[in-house]
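K.L.:
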Amino acid sequence: MSEVVLVDYGVGNTASVRRALERLGAVVAQSGDPERVAAARRVVLPGVGAFAPARERLAATGLEEGLRAALASGARLLGLCLGFQLLFESSAEFGVTRGLGLLGGRVEPFGPGARVPHVGWNRVEPAGSPPGRRILGGLPGGAWVYFVHSFRADGADPADVAAWCDHGGRFPAAVERGEVWGCQFHPEKSSSAGRAILAAFLKEEPG
Amino acid sequence: MSLAVRVIPCLDVAGGRVVKGLNFVDLRDAGDPVEAAVRYEAEGADELCFLDIAASHEERGTLVALVSRVAEALAIPFTVGGGVRSVEDAGALLAAGADRITVNTAAIADPSLVTRLAERFGAQCVVVAVDGKKVAGGTGGGPRFVASTHGGRRLTELEVPAWVAEVTARGAGEILLTSMDADGTQAGFDLPMLRAARAATTVPIVASGGAGKVEHFPPAVLEAGADAVLAASVFHDRVFTVGAVKRALAAAGVPVRPAVPPGLEALVTDAAGLVPVVIRDERTGDALTLAWANAEALALTAETGFTHLYSRSRKALWKKGESSGHVQRVVRISVDCDRDAVLYDVLPEGPACHTGRRTCFTAVPGLPFAAPGAAPTGPAAAAPAPRLDLEPLFEIVAERQAHPQPGSYTNRLLAEGLARCAQKVGEEGVEVALAAVTGDEKALAGEVADLLFHVVVLMAARGLDPSAVQRELEERRGVRRAPKGEP
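Structure, rendered in structure tokens:
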């Protein structure tokens with residue numbers, strides 16, 4: 186049975202993520218304790234809301250150090266939505282804020298003409314080799330997943346991208362760089378397609 | 002690729018129960034919102050909306066408990082509204098698992114509530130519900146639209162476009178626009194009001210009120226710019242399904258997330274999204290056809306109970322028997338262990354093959370396998386006694402009728418006419434009766450074979466399709482029930 190530490194840093198409702206993982210048989214521990222995070226093999230960084238306060242909370246609580254320690258010991262990290270955006274170098278939401286810098290690229294507003302927020306079901310196109318890498322769990326091209334966000338990553342290293350989405354231009358929907366995984370969309374709200382992704386996160390041993 | 006237009010069933014709840022008609026046949030408890038919600042997710046709903054129509058202060062706890070139960074069971078987003086008056090009210094619902102909350106009356110009473118909700122939870126969590134009503138006095142003599150409260154009974158001074166623009170500026174992430182004039186009429190959405198709101202905001206608009214037919218949905222999107230469509234009673238009362246709305250939208254060129262039946266998700270398809278389908282005769286176990294299906298064909302098959310496929314040559318969805326009448330009633334859909342093939346077990350009403358043959362497969366003669374008539378090897382060897390199967394007889398007679406051959410007894414009979422065929426059936430019937438009381442087993446088998454052959458010829462002469470007999474037999478056995486939900 187897979188144990189997952191769900192990082193609790195007071196940013197948004199994490200109940201849906203916890204329930205979705207539990208339905209797949211995972212044992213989920215919700216924790217704001219940096220040492221607990223550092224010792225985990227699988228970590229989920231959720232998040233809904235604004236970038237800057239979330240970033241400050243991660244730094245102020247010591248959870249950032251916990252996350253870095255977990256990754257250094259070979260743990261797998263899954264960032265979801267805002268947790269995904271935090272993986273990048275910086276965000277331009279309400280002034281530029283530095284991110285965790287685990288991935289190259291910046292979080293920027295959508296281009297002109299795209300309806301914002303980007304709310305609803307959109308299709309993702311698997312990228313990399315094999316297409317969709319490990320994170321997409323073998324989902325076919327054009328699978329539908331659920332997004333809710335107003336900013337999107339830009340300038341990511343294409344080698345890190347596991348799936349693209351298109352909303353007023355192409356942007357990374359899912360990333361995988363070693364054990365740093367992330368989804369801009371909400372797998373816990375994406376019905377069967379989301380289950381495939383969370384199951385992939387739980388499946389193999391990290392490393 | 003583009004964002005799908007969302008189809009949102011709305012459930013009216015009070016005291017933690019669904020309060021309007023819910024006619025799902027297989028719900029154990031028609032009043033249980035959780036069971037209904039799960040059923041809607043399985044049907045392909047993109048999102049759900051729960052509106053607490055009682056919304057009394059004493060019942061807040063009941064609503065929060067309901068939201069928690071729904072969140073436990075659902076893997077699609079859902080919005081909750083009714084009686085949200087403060088940041089604390091909204092916080093309790095979001096903490097219980099709601100993805101978004103809607104505010105209406107409280108926002109009209111104090112527009113700053115929208116700002117505070119957006120600042121606290123983010124714009125994506127805040128849906129402002131606007132109940133618009135048509136009043137006289139628009140520019141050029143047309144109507145204008147004002148926001149109302151209390152189920153449309155109290156009009157406000159707020160013009161819908163101005164109000165929509167204001168809540169957008171205050172941080173609303175979506176507008177749920179209900180026409181109180183159209184609501185309940187089932188005469189279609191109020192397109193002029195939707196257009197007026199569309200021109201006033203850039204955030205998504207959910208069209209609500211008035212849907213009565215699937216044809217009502219595409220214009221709300223294509224002519225009035227809605228990003229999502231919401232309906233309540235037409236889904237609850239099973240007037241049509243979420244899948245039917247999605248097909249109507251897709252047919253009109255609107256992008257939708259196809260409704261995939263539960264259990265048929267995440268199939269391994271080819272680049273065109275197709276999966277091979279093996280079709281098998283439920284009665285005989287014979288393979289009938291190998292064909293292809295896309296998600297929509299699978300959804301239609303599951304929903305209607307009739308074989309639907311995708312034609313690679315015509316690049317189109319089709320229902321088996323649509324033009325020939327030789328439909329196939331599906332009794333079971335199975336998925337291959339690698340999820341890369343699907344099996345339909347069917348009760349065919351006529352030939353499977355376009356050539357008029359019962360099955361699309363014809364044995365290749367002359368190959369060095371078991372000699373014809375020899376006992377088969379393998380699993381089938383355990384049952385050496387052959388089953389009586391009239392299908393080959395029907396095929397041969399149909400073949401002769403279509404392509405007469407010189408010297409054929411069948412063709413001679415058919416040429417002599419219906420009366421002669423009928424007379425032969427009478428004679429053979431008497432011979433069967435005689436053999437039964439005087440002859441041995443072999444003689445009786447021979448006479449029965451003669452009778453069956455002549456019955457088949459008589460049916461061909463009269464043009465009676467074997468499926469009519471099959472249907473009759475099934476009705477007697479009580480197999481066949483009234484078809485449900487035929488398109």
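Chains as they are written, first to last, in the working numbering: chain A, 186 to 392; chain B, 2 to 488.
All C-beta atoms in this analysis are idealised placements derived from N, C-alpha and C, irrespective of residue type, glycine included.
#1: Show which residues of chain A have a CB atom less than 9 Å away from the CB atom of B/Thr103.
#2: Out of B/Arg421, B/Glu448, B/Leu419 and B/Thr439, which has the shortest C-alpha to C-alpha gap to B/Val433?
#3: So what's B/Ser69 in DSSP terms, helix, strand or just coil?
#4: Name, please, each residue of chain A whose Cβ falls closer than 7 Å to the Cβ of B/Ala298.
#5: How far does the beta strand (DSSP E) with B/Leu52 in it extend, from its first residue to its last?
#6: So who's on the other strand from B/Val85, going by DSSP bridges?
#7: At a Cβ threshold of 8 Å, is B/Asp282 touching chain A?
#8: Could you tell me whether the Cβ of A/Asp193 comes closer than 8 Å to any Cβ of chain B?
#9: Apart from the five residues just before and just after B/Asn295, which ones in its own chain have a Cβ nearer than 6 Å to its Cβ?
#10: Taking A/Arg380 as the query, report the chain B residues whose CB atoms sit under 8 Å from its CB, ordered along the chain.
#11: Where does A/Pro325 land, buried or exposed, given buried means 16+ other C-beta within 10 angstroms?
#12: Relative to the C-alpha of B/Leu114, which candidate in B/Val85, B/Gln471 and B/Gly152 has its C-alpha closest?
#13: Which residue wins for smallest C-alpha separation from B/Val457, given the options B/Thr411, B/Arg472, B/Arg477 and B/Val431?
#14: Do A/Tyr331 and A/Phe370 have their beta-carbon atoms positioned less than 8 Å apart in this structure?
#15: Below 8 Å between beta carbons: does that hold for A/Phe336 and A/Pro294?
#16: Going by DSSP, what residues sit across from A/Asn307 in a beta bridge?
#17: Identify each residue in the region 32-47 of chain B for which the Cβ-Cβ distance to at least one residue of chain A is less than 7 Å, and report them in chain order.
#18: Are A/Ala237 and A/Thr199 closer than 8 Å when you measure CB to CB?
#19: For a test of the three-state rule: what should DSSP assign to B/Ala383, helix, strand or coil?
#20: Do we get a CB-CB distance below 8 Å when we pair B/Ala381 with the residues of chain A?
#21: Just to confirm, is the Cβ distance from B/Val75 to B/Ala38 under 8 Å?
#22: For my contact list, A/Val346 and A/Leu262 are in at a C-beta cut-off of 8 Å; report their separation, rounded to the angstrom.
#23: Rounded C-beta distance between B/Leu453 and B/Leu414? I'm assuming under 8 Å.
#24: Per DSSP, A/Cys350 is paired with what?
#25: Say whether chain A places a C-beta atom closer than 8 Å to the C-beta of B/Ala376.
#26: Run down chain B in chain order and give the residues with a C-beta less than 8 Å from the C-beta of A/Glu364.
#27: Could you round the C-beta distance between B/Thr116 and B/Thr169 to whole angstroms and report it? I think they count as a contact, below 8 Å.
#28: Thinking B/Ala55 and B/Ala15 are a contact (beta carbons under 8 Å), I'd like their distance in whole angstroms, please.
#29: List the endpoints of the continuous beta strand (DSSP E) containing A/Gly367.
#30: Output, in sequence order along the chain, the residues in the region 350-364 of chain A whose CB is closer than 8 Å to any CB in chain B.
#31: Excluding the 5 residues preceding and the 5 following A/Leu285 in the sequence, name in chain order all residues of the same chain whose CB lies nearer than 6 Å to its CB.
#32: Say whether chain B places a C-beta atom closer than 8 Å to the C-beta of A/Leu324.
#33: Run down chain B in chain order and give the residues with a C-beta less than 8 Å from the C-beta of A/Lys374.
#34: Apart from the five residues on each side of it in sequence, which residues of its chain come closer than 8 Å, Cβ to Cβ, to A/Arg221?
#35: Verify the CB distance criterion: does B/Arg258 have a CB-CB separation below 8 Å to chain A?
#36: Anything in chain A within Cβ reach of B/Val269, meaning under 9 Å, just list it in chain order.
P.N.:
Put simply:
#1: Correct list: empty, because the minimum Cβ distance to chain A is about 14 Å.
#2: B/Glu448
#3: helix
#4: Under the 7 Å cutoff, chain A gives no residues; its nearest Cβ is about 16 Å from B/Ala298.
#5: Leu49 to Asp53
#6: The partner list for B/Val85 (beta bridge, DSSP) is empty, contrary to what the question assumes.
#7: no
#8: no
#9: Gly274, Leu275 and Tyr311
#10: Ala76
#11: buried
#12: B/Val85
#13: It is B/Thr411 whose Cα lies nearest to the Cα of B/Val457.
#14: In contact: A/Phe370 and A/Tyr331 (Cβ atoms closer than 8 Å).
#15: yes
#16: A/Val330
#17: Glu42 and Asp47
#18: no
#19: For B/Ala383, the pLDDT reaches just 49, beneath the cut-off of 50, and the residue's location in the model is therefore unreliable, although a value from the coordinates is still provided. Here B/Ala383 sits in helix by DSSP.
#20: Its pLDDT being 45, under 50, B/Ala381 is placed unreliably in this model, and the coordinates cannot settle the point.
#21: Residue identity check: residue 75 of chain B is Leu in the sequence provided, not Val. Yes, Cβ-Cβ distance for B/Leu75 and B/Ala38 is below 8 Å.
#22: With 8 Å as the limit, A/Val346 and A/Leu262 do not qualify as a contact, their Cβ atoms being about 16 Å apart.
#23: 14 Å between Cβ atoms; not a contact.
#24: A/Val309 and A/Phe356
#25: Low local confidence applies: a pLDDT of 48 at B/Ala376 is under 50, so the model's placement there is unreliable, and no value is given.
#26: By Cβ distance, chain B contributes nothing, its closest Cβ being about 24 Å from A/Glu364, past 8 Å.
#27: Here B/Thr116 is actually not in contact with B/Thr169; their C-beta atoms are around 11 Å apart, not less than 8 Å.
#28: The beta carbons of B/Ala55 and B/Ala15 sit about 4 Å from each other, so the pair counts as a contact at 8 Å.
#29: Here the beta strand (DSSP E) through A/Gly367 covers Val365 to Cys368.
#30: Cys350, Asp351 and His352
#31: Leu271 and Leu272
#32: yes
#33: Ala76, Ile77, Pro78 and Asp100
#34: Val190, Ala214 and Gly251
#35: yes
#36: Gly323 and Pro325
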